[in-house]
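Q: In our numbering, the protein residues as written are 123 to 947.
Before we start, here is the structure in question, set down as structure tokens.
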């Protein structure tokens with residue numbers, strides 16, 4: 123925004139305009155929607171509207187028709203349909219995620235989009251390739267090898283900017299950006315003529331002397347991937363003193379200074395209070411404070427009067443400028459050295475104390491309906507980063523809704539605000555540039571979107587109209603210490619229509635909700651923050667009482683909220699589950715007498731028994747119940763039915779157990795189960811005890827015998843002692859024709875043990891007399907020991923060996939004697 127050199131507004135004109143506002147009704151203005159800081163994705167642009175009169179109902183943000191102006195601009199400027207534009211915006215947002223991940227692995231990688239493809243230039247050997255594929259998900263990705271960088275390639279746009287500014291200053295510099303081919307492009311008005319014989323040789327060393335000042339071409343030749351384009355110098359901020367158009371007017375207290383800009387993004391401060399985010403240069407470095415909405419009907423977009431010295435129809439106050447930054451911290455100019463990044467900053471302002479009569483909605487107007495700006499436009503649902511090649515559109519009070527593509531990203535220079543001596547300093551702003559998205563003075567501060575993503579704030583443009591520059595929105599918001607953009611959130615839908623039980627699930631959905639979204643659900647005065655899942659579904663809990671209750675639900679993400687939906691639910695009594703009879707089990711056969719019926723149910727419920735057993739039992743905290751039967755159930759068939767009841771619950775249905783009680787199994791006392799007998803001590807009889815008068819059938823290894831129990835005892839004689847082996851017997855008794863349970867027993871007759879082996883007697887060897895001839899050597903007095911063997915002194919074998927040795931010596935003597943005799947002969 124440029125400072126006015128003449129009176130900004132005539133007080134009389136302002137007063138008349140204010141009167142016209144009071145008499146003429148309310149108007150709307152496009153603003154940008156804030157994004158939730160917790161959401162990783164971008165926020166939306168919003169449109170603020172004044173309260174509607176009865177003749178002009180307020181537009182609903184949840185029922186905005188197809189934006190005709192948006193479709194027209196997208197088709198006119200980009201040759202795309204709205205659907206294609208949104209799809210490419212989604213792709214650009216995905217590419218921004220890819221860029222974030224790829225930069226971690228390969229800071230020199232270049233990410234852009236073309237058509238339906240995310241393009242990544244990176245070293246094939248780096249981890250950037252896999253990072254790109256992972257971050258892109260299902261999106262099409264083409265990874266190409268980055269061109270071999272010269273040894274002196276710039277480390278980044280910031281490093282190149284610092285080097286340039288420290289060498290030439292920023293006087294004629296327009297921008298330094300990275301394009302889709304991975305090239306660093308310097309746009310400057312400094313001469314690009316070579317002044318050194320070394321120009322064009324990237325491998326030669328350049329020495330700049332005071333006598334021969336370096337040219338920009340000399341500078342660029344130090345790098346193998348830097349090119350220079352001619353430009354007129356720093357861009358001009360898009361603002362004007364007075365226009366005949368819509369937007370907002372900014373002025374100081376006495377209206378001696380001011381200008382006109384466009385509202386950018388509706389949003390919030392760090393406490394959640396309403397705010398508007400716009401361009402920093404619109405404050406004239408803090409010289410103006412107050413803001414006023416313009417009448418979009420009498421000052422529509424795409425019409426302006428640059429020569430007018432009167433502020434046109436300020437309809438209502440907006441708020442007061444708070445924080446602003448144009449350039450580096452404290453509005454500092456672009457400077458830089460090799461070790462200083464050059465004071466690269468942003469172009470952002472915030473308007474606080476928003477007029478409570480304004481209804482801020484998250485829609486960027488496309489100016490198709492000046493009488494109701496909120497009725498047509500683009501909903502913005504997150505904040506993202508601009509990607510080279512991505513389609514973008516902007517909304518502004520001068521040129522309206524225009525679209526183009528991102529051609530480069532990096533740093534651009536904007537002419538600063540003149541001081542009292544009319545001296546201006548250039549400001550360095552981080553952002554992106556476009557040669558196809560048109561804008562002009564008065565569009566400053568307006569929202570720039572890509573698809574449904576908020577990506578920037580309109581900042582500046584070149585005098586020749588070739589380039590328009592946009593401040594990066596994420597960088598701008600980071601400078602504001604907690605301000606965020608309002609995003610558009612769909613109104614939630616309550617999907618529960620059938621009656622529910624106490625504390626049952628009340629469900630709903632929200633379409634297109636970004637990560638971190640919740641739904642505030644209020645039922646019977648109790649508020650619940652229900653998280654929205656990736657499938658768009660949410661769940662809350664019904665009250666713990668009966669009746670019909672109203673339900674209000676509102677989508678929330680950060681400070682952004684949707685419209686509220688109303689519904690109702692009916693809470694009814696729940697029916698108890700059927701209790702279980704665990705013993706005697708259904709169709710079971712049990713021994714007489716049965717003295718206890720047991721089962722499971724809901725803790726605290728009362729179980730009512732009917733049928734052959736009647737009574738009640740209370741289910742314990744462990745979910746179990748039991749009922750004592752007095753007297754016990756004797757032999758015969760029985761049926762027992764159970765249900766459970768509990769206060770504030772519907773009774774359960776019945777469950778039934780039909781079982782048969784039979785005589786108890788007979789007892790086998792001898793042989794006992796598991797008993798073992800010696801081979802010659804096998805049992806000769808089997809005996810036991812049980813019901814007197816019962817008929818007992820005993821089966822031993824398949825052979826059955828029948829016996830009658832007398833006086834409670836019985837015995838079955840065996841033909842002979844049982845031989846070695848394993849035996850199994852069963853016993854069943856019948857009482858009045860009813861068989862009892864069966865007893866099974868097993869015992870073993872052991873095999874005859876084998877005789878112990880006898881040890882043959884030890885005979886002593888006779889002592890061999892010592893030989894008459896002398897021993898060859900003296901025998902040791904004690905033989906050596908061998909591990910654990912006993913020490914026996916000189917053994918008989920040693921003595922025999924000694925004798926044998928003597929005989930051998932004697933034989934040797936005879937042999938020698940014979941040889942001597944033969945020789946003598």
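Just so it is clear, CB atoms sit at the ideal spot from N, CA and C, and this is done for glycine as well.
In this structure, does DSSP put residue 200 in helix, strand or coil?
A: Three-state DSSP puts residue 200 in a helix.
Q: With 16 as the cutoff for other CB atoms within 10 Å, does residue 147 come out buried or exposed?
A: Note that residue 147 has pLDDT 26, beneath the 50 cutoff, so the model's placement of it is unreliable and no number is given.
Q: With three or more beta-carbon pairs closer than 8 Å as the criterion, would you say the region 830-841 touches the region 762-769?
A: Segments in contact, no.
Q: Alpha carbons only, please: which of 597, 678, 598, 690 is nearest the one belonging to residue 629?
A: When only C-alpha atoms are compared, the closest one is 690.
Q: Applying the criterion that 16 or more other CB atoms from any shown protein chain within 10 Å of the CB defines a buried residue, is residue 451 buried or exposed?
A: Result: exposed.
Q: Have a look at 536, 515, 670, 759 and flag the residue whose alpha-carbon is nearest the alpha-carbon of residue 210.
A: Residue 210 has its Cα closest to that of 515, out of 536, 515, 670, 759.
Q: Inspect the beta-carbon positions of residue 672 and residue 567 and report whether they are closer than 9 Å.
A: No, they are not a contact pair.
Q: Taking the alpha carbon of residue 230 as the point to measure from, which residue in 850, 262, 455, 278 has its own alpha carbon closest?
A: For the residues 850, 262, 455, 278, the minimum Cα distance to residue 230 belongs to 278.
Q: Run through DSSP, which three-state label would residue 484 get?
A: Residue state, collapsed to three classes: coil.
Q: Measuring alpha carbon to alpha carbon, tell me which residue in 703, 588, 559 is nearest residue 353.
A: Among 703, 588, 559, the Cα nearest to that of residue 353 is on 588.
Q: Taking the CB atoms as reference points, tell me whether residue 295 and residue 307 lie closer together than 9 Å.
A: No.
Q: Going by DSSP in three states, residue 653 sits in which element: helix, strand or coil?
A: Looking at residue 653 - three-state DSSP - the assignment turns out to be strand.
Q: Using only CA atoms, which one of 533, 821, 512, 624 lies nearest to residue 576?
A: The residue with the shortest Cα to Cα distance from residue 576 is 512.
Q: Within its chain, find whatever has a CB closer than 7 Å to the CB of residue 817; leave out the 5 residues flanking it on each side and keep chain order.
A: Answer for residue 817: 828, 830, 855, 856, listed in chain order.
Q: Which one or two residues does DSSP pair with residue 624 in a beta bridge?
A: Partner(s): none; residue 624 has no beta bridge.
Q: Among 764, 617, 756, 798, which residue has its Cα nearest to the Cα of residue 737?
A: Nearest option by C-alpha distance: 764.
Q: In the DSSP output, what is residue 304 paired with across the bridge?
A: Paired residue(s): none; residue 304 is not in a bridge.
Q: In whole angstroms, what separates the C-alpha of residue 338 from that of residue 284?
A: Cα to Cα, the separation comes out at about 14 Å.
Q: Less than 9 Å between the C-beta atoms of residue 310 and residue 381, yes or no?
A: Cβ distance not < 9 Å, so residue 310 and residue 381 don't count as in contact.
Q: Taking only runs that begin and end inside the region 575-628, name each unbroken beta strand (DSSP E) of 3 or more residues, in chain order.
A: List check, beta strand (DSSP E) in window: 575-583, 590-594.
Q: Specify the secondary structure class of residue 402 as computed by DSSP and reduced to three states.
A: Looking at residue 402 - three-state DSSP - the assignment turns out to be helix.
Q: In angstroms with no decimal places, state the Cα-to-Cα distance between residue 489 and residue 609.
A: When rounded, the distance between both Cα atoms is 20 Å.
Q: Considering only C-alpha positions, which residue in the set 688, 655, 694 is nearest to residue 669?
A: It is 694.
Q: Grab me the residues of residue 391's own chain with a C-beta within less than 6 Å of its C-beta, minus the 5 sequence neighbours each way, in chain order.
A: Closer than 6 Å at Cβ, skipping near neighbours: 397, 605.
Q: What are the boundary residues of the beta strand (DSSP E) that includes residue 739?
A: 737-740 is the span of the beta strand (DSSP E), which, as asked, contains residue 739.
Q: Can you name the residues that DSSP bridges to residue 283?
A: BP columns for residue 283 are empty, so no partner.
Q: Confirm, please, whether the CB-CB distance from residue 572 to residue 508 is below 9 Å.
A: Cβ distance < 9 Å, so residue 508 and residue 572 count as in contact.
Q: Any contact of the region 474-484 with the region 401-411, i.e. 3+ C-beta pairs under 8 Å?
A: With the cut-off at 8 Å, the region 474-484 and the region 401-411 do not touch.
Q: Could you tell me which of 797, 799, 793 sits nearest to residue 810, measuring between CA atoms?
A: Of the candidates 797, 799, 793, the one whose C-alpha sits nearest the C-alpha of residue 810 is 793.
Q: Helix, strand or coil: how does DSSP classify residue 547 here?
A: Coil.
Q: Got a sec, what are the start and stop residues for the alpha helix (DSSP H) residue 339 sits in?
A: Unbroken alpha helix (DSSP H) run through residue 339: 338-343.
Q: Does the Cβ-Cβ distance between residue 594 and residue 531 come in under 9 Å?
A: The answer is yes: Cβ separation under 9 Å.
Q: On the premise that residue 625 lies in contact with residue 596, defined as a C-beta separation below 8 Å, what is that separation, rounded to the nearest angstrom?
A: Incorrect: roughly 43 Å between the Cβ atoms, too far for contact.
Q: Below 8 Å, can you find three or more Cβ-Cβ pairs linking the region 744-755 to the region 704-722?
A: As far as the Cβ criterion goes, the region 744-755 touches the region 704-722, which means the pair count is three or higher.
Q: Are residue 565 and residue 518 close, meaning C-beta to C-beta below 9 Å?
A: Cβ distance < 9 Å, so residue 565 and residue 518 count as in contact.
Q: Within this structure, are the beta carbons of residue 242 and residue 263 separated by less than 9 Å?
A: Going by C-beta atoms, residue 242 is nearer than 9 Å to residue 263.
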